[in-house]
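Numbering (my numbering), first residue to last: 9 to 73.
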């Protein structure tokens with residue numbers, strides 16, 4: 009992205025189930041988001057991405073459990 013200032017913001021949640029709950033809540037509120045992605049064994053995280061009203065990417069991450 010080519011912007012000055014904040015590029016993205018990431019928050020950690022406790023589990024993959026928390027990401028699934030976030031997906032349900034975002035869907036209920038009509039908020040667009042990506043799929044939960046598995047970053048693989050070298051970076052053992054799950055990531056859910058969405059955009060705020062200013063088009064800044066927000067990531068919710070959860071460790072492998």
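Where a beta carbon is used, it is the ideal one built from N, C-alpha and C, also for glycine.
Only a predicted model underlies this, so the values are computations on that prediction, with no experimental measurement involved.
Bridge partners of residue 16, per DSSP?
BP columns for residue 16 point to 65.
Taking the alpha carbon of residue 15 as the reference point, which residue from 71, 65 and 72 has its own alpha carbon closest?
Out of 71, 65 and 72, 65 has the C-alpha closest to the C-alpha of residue 15.
State the CB to CB distance for the pair residue 19 and residue 51, rounded to an integer number of angstroms; the pair is presumed to be in contact (CB under 8 Å).
Going by Cβ atoms, the distance from residue 19 to residue 51 rounds to 17 Å, so no, they are not a contact pair.
Would you mind working out which of 11, 39 and 22 sits nearest residue 6, comparing C-alpha positions?
For the chain, the structure presents residues 9 to 73; residue 6 sits outside this window and is missing.
Helix, strand or coil for residue 31? Go by DSSP, reduced to three states.
In this structure, residue 31 counts as helix in the three-state DSSP scheme.
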